[in-house]
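Q: Start counting the sequence shown at 182; every next residue gets the next number (the numbering used here).
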Amino acid sequence: MDFGSLETWFITGSQHLYGEEALRQVAANSQQVVAGLNASGRLPVPVVFKPVVTTPEAIATVCRQASADPRCIGVIAWMHTFSPAKMWIAGLSALDRPLAHLHTQFNRDLPWDTIDMDFMNLNQAAHGDREFGFICARLRRARKVVVGYWQERETQDRLAAWQRAAAGLHEMRRLRVARLGDNMRHVAVTEGDKVEAQLRLGIEVNGYGVGELVRHMAAVTEAEVDSLVAEYDARYRLAPELRPGGTRHTALRYAARTELGLRAFLQEGGFSAFTDTFEDLHGLEQLPGLAVQRLMADGYGFGAEGDWKTAALVRAVKVMSAGLPGGTSFMEDYTYHLGAPRPLVLGAHMLEICPSLTDETPSCEIHPLGIGGRGDPVRLVFTARPGPAINAAWIDLGDRFRLLLNEVDAVAPQGPMPRLPVARAVWDPRPNLQTAAAAWIYAGGPHHTAFCQALGAEIFEDFAEMAGLECLRIGAETRLADFKNQLRWNEAYFSQHHP
182 MDFGSLETWF
192 ITGSQHLYGE
202 EALRQVAANS
212 QQVVAGLNAS
222 GRLPVPVVFK
232 PVVTTPEAIA
242 TVCRQASADP
252 RCIGVIAWMH
262 TFSPAKMWIA
272 GLSALDRPLA
282 HLHTQFNRDL
292 PWDTIDMDFM
302 NLNQAAHGDR
312 EFGFICARLR
322 RARKVVVGYW
332 QERETQDRLA
342 AWQRAAAGLH
352 EMRRLRVARL
362 GDNMRHVAVT
372 EGDKVEAQLR
382 LGIEVNGYGV
392 GELVRHMAAV
402 TEAEVDSLVA
412 EYDARYRLAP
422 ELRPGGTRHT
432 ALRYAARTEL
442 GLRAFLQEGG
452 FSAFTDTFED
462 LHGLEQLPGL
472 AVQRLMADGY
482 GFGAEGDWKT
492 AALVRAVKVM
502 SAGLPGGTSF
512 MEDYTYHLGA
522 PRPLVLGAHM
532 LEICPSLTDE
542 TPSCEIHPLG
552 IGGRGDPVRL
562 VFTARPGPAI
572 NAAWIDLGDR
582 FRLLLNEVDA
592 VAPQGPMPRL
602 PVARAVWDPR
612 PNLQTAAAAW
622 IYAGGPHHTA
632 FCQALGAEIF
642 EDFAEMAGLE
652 CLRIGAETRL
662 ADFKNQLRWN
672 EAYFSQHHP
C-alpha cells in the first residue's frame, strides 16, 4: 500500500493559436499548479507534470503512454486555454486510466484594473473546460469533474479522494484472491461470476484445498512459533489459560502456527485477499480466527464462508484508506437492538473482525465455537471505536455488479456484553434502522460488508464510477420511496447499457 510508487499524470490542453509566448506561460503555470498540489500534503499520490498538448498526435501519444505505464493510476486534465475537443477523440478513446477533469484557473482573482484581451486569451478555462467536457460527454467517458481553485483545500481534497479511488481500482486490476475451500453450501449472496469480475475489474479468483494451508503450517518451525507467541504476549491481553504453562497454551501455539502458515501461503502465491469456510476444515484443528484478524490488520482482504467479493472489496478499501485514521474490516450485520432510545445494529462475526477498528488493547481469548466440528479457536475480543463509518457491499446481480453503501455512526454499546466473546461493532444506520434496512434489502444487499471508518461516500462513488459499477448510497437524506424509484430507474438504464 505504498502510494509513493504510484503516479497521477497532469495533462494541460491548449493550441498553437495563441503563439509560443502564451504556450510557455501555460506550461509554467501548469508546472506551478502541479508543484502546489504536491506541496499541499493533501494528495496521497504524486502528481507528475506532462508537457502541454496542442495537437491530436501529442494528445493520443500521452494518453497511450499513460495507459501503458504501470505507475500511472490516472490522469488529471485541465484546459488552461481553449483546446479544440476534436483533438481529444483519439486520445480519450485510447485512455484506459481513470480521468479527473480539473476545472480551475491559474489566477484566483481577476485583475480588475489591468485585465485585457491577452489575459483573457491566456486564462480561458471557463469555456475551454466546457469544450473538453462536451467531448467527454459525447464519448460517454467516465470521469470526475472537480471545480474550484487549485490552492483551496476543498479542491485538493476532492482530487485526493479521486486519487484514492484510482489506487483502489489499480489494486483491483492486479488483485489475486485465494479461496481456501468453496462457498458456504446453499448460500446465494456470497456467490458470483468470477470470470466476469476478472473481465471487468481484473480480479483473479482461484480455489485451493485446505491441504495447501496445512502443508505450509507443517513447515513452520518451533522457533518461529515461539517468536510469534511472544509477540502475542506483548501486544494483547492474553487470557490466563493461554499463557505459557496455562491449560490452553497449546491452542495459542497452534493459532500462531496457523498464522505463519497462512502468511507463507499468501506470500508465496502473491495473494492480497483470501477466504475460508467452516465447512471445509480438513486437516485443521481449529477455524482460523486470530490469524485472519492479524492478516487483515496488515492489509489483507478477507471474506468468510467463501465470500470472495467481500474479500476483494476489503482489500481495495484498505488500499484506498491507507494512511488515514480509522480502520477497515470484514463485517456482518448480526443482530439488532430494537428498543429505546434508538434501534441499533450489532455487527460481528464468529471470529474474524479486524483490530484496526479499535483503539483499545484487544483481549486474546479462547472459547468454544458451536460450528465447524473442530477445537476451540483463539480470537481477539474488542469493541470498535465510535464515529462515522461506511458499510459497503459488492453484489452480483447477473447482468451487472452493484456497489451498495450505507452511511452509519458507530456508537458505544449500551452494556459491556461480558458473555459475547467476539470482536464487535455497534452502529446506528443513517437515516434510521427502519429505512436503512428496508433500502438495503430492496437493493439485494448481503449480510457481509466492508466496514470502513476511514473513508466517506465520495471515494466509494468515485471508485464505482471508474470501475463501471452501479452505485447506490443509503444516507441521512434517503427516503424509501425515492430509493425504490432509483432502483427502478437503474434497472431500466442498465438493461440498455450493459457492456
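We put the CB at the ideal spot given by N, CA and C, even for glycine.
Is Ile622 helix, strand or coil when you go by DSSP?
A: It is helical.
Q: Among residues of its own chain, excluding the 5 on either side of Glu541, which ones have a beta-carbon nearer than 6 angstroms to its beta-carbon?
A: Result list for Glu541: Phe563, in chain order.
Q: Helix, strand or coil: how does DSSP classify Val395 here?
A: Of the three classes helix, strand and coil, the one that applies to Val395 here is helix, per DSSP.
Q: I need the boundaries of the alpha helix (DSSP H) containing Thr242, first residue and last residue.
A: Where Thr242 is concerned, the enclosing alpha helix (DSSP H) stretches over Pro237 to Ala249.
Q: In this structure, what does DSSP give as the bridge partners for Ser544?
A: DSSP, once it has assigned bridges, lists Arg418 and Val562 as partnering Ser544.
Q: Please classify Thr456 as buried or exposed, where buried requires at least 16 neighbouring CB atoms within 10 angstroms.
A: With 16 or more Cβ atoms within 10 Å of its Cβ, Thr456 is classed as buried.
Q: Do Pro750 and Ile270 have their C-beta atoms within less than 9 angstroms of each other?
A: Absent from the model: residue 750. The displayed extent of the chain is 182 to 680, so no value can be given.
Q: Can Met501 and Phe644 be called in contact, C-beta distance under 9 angstroms?
A: In this structure, Phe644 lies closer than 9 angstroms to Met501 by Cβ.
Q: With H, G and I counted as helix, E and B as strand and the rest as coil, what does DSSP make of Val256?
A: Strand, per DSSP.
Q: DSSP beta-bridge partners for Met512?
A: Met512 is bridged to Thr630.
Q: Please classify Lys499: does DSSP put it in a helix, a strand, or coil?
A: If DSSP states are grouped into helix, strand and coil, Lys499 belongs with the helices.
Q: Rounded to whole angstroms, what's the CA-CA distance from Met268 to Gly185? Just pull it up for me.
A: C-alpha separation (whole angstroms): 32 angstroms.
Q: Can you tell me whether DSSP reads Pro610 as helix, strand or coil?
A: Looking at Pro610 - three-state DSSP - the assignment turns out to be strand.
Q: Do three or more CB pairs link the stretch 577–584 to the stretch 504–524 at distances below 8 angstroms?
A: The stretch 577–584 vs the stretch 504–524: no contact.
Q: Give the range of the beta strand (DSSP E) segment to which Gly272 is assigned.
A: That residue, Gly272, is in no beta strand (DSSP E); its alpha helix (DSSP H) goes Ile270 to Ala275.
Q: Alpha carbons only, please: which of His430, Gly464, Glu405 and Ile571 is nearest the one belonging to Leu441?
A: Looking at the Cα atoms, Glu405 is the closest of the given residues.
Q: Among all the DSSP beta bridges, which residues are the ones paired with Lys325?
A: Per DSSP, Ala281.
Q: Find out if the Cβ-Cβ distance for the pair Ala348, Pro225 is shorter than 9 angstroms.
A: Result yes, Cβ atoms of Ala348 and Pro225 sit closer than 9 angstroms.
Q: By how many angstroms is the C-alpha of Leu423 removed from the C-alpha of Gly596?
A: Going by the C-alpha atoms only, they are around 26 angstroms apart.
Q: Three or more beta-carbon pairs under 8 angstroms between the stretch 454–468 and the stretch 401–416, yes or no?
A: Result no; under three Cβ-Cβ pairs closer than 8 angstroms.
Q: State the start and end residues of the unbroken alpha helix (DSSP H) segment that holds Gly674.
A: Residue identity differs from the one stated: residue 674 is Tyr in this sequence, not Gly. First-last of the alpha helix (DSSP H) with Tyr674: Leu661 to His678.
Q: So the beta strand (DSSP E) Tyr389 belongs to, where does it begin and stop?
A: Start and end: Glu385 to Tyr389.
Q: Does the beta-carbon of Met301 have 16 or more other beta-carbons within 10 angstroms, so that it is buried, or is it exposed?
A: Exposed.
Q: Given a cut-off of 9 angstroms on the beta-carbon distance, is the pair Phe263 and Ser195 in contact?
A: Their beta carbons are under 9 angstroms apart, which means Phe263 touches Ser195 by this criterion.
Q: Run through the stretch 430–511 for me and flag every whole alpha helix (DSSP H) of 4 or more residues, listed as ranges in chain order.
A: Within the stretch 430–511, the complete alpha helix (DSSP H) runs of at least 4 residues are 430–450, 471–478 and 489–501.
Q: Pull up the distance between the alpha-carbon of Ala281 and that of Gly450, whole angstroms please.
A: Each residue's alpha carbon lies about 34 angstroms from the other.
Q: How is Arg357 classed by DSSP in three states: helix, strand or coil?
A: Note: Arg357 maps to strand in three-state DSSP.
Q: What would DSSP say about Glu651, mapped onto helix, strand or coil?
A: Glu651 falls in the strand class under three-state DSSP.
Q: Three or more beta-carbon pairs under 8 angstroms between the stretch 303–310 and the stretch 654–664, yes or no?
A: No, they do not touch.
Q: Specify, as a first and last residue, the run of the alpha helix (DSSP H) that Asp299 falls within.
A: Asp299 -> alpha helix (DSSP H) spans Met298 to Leu303.
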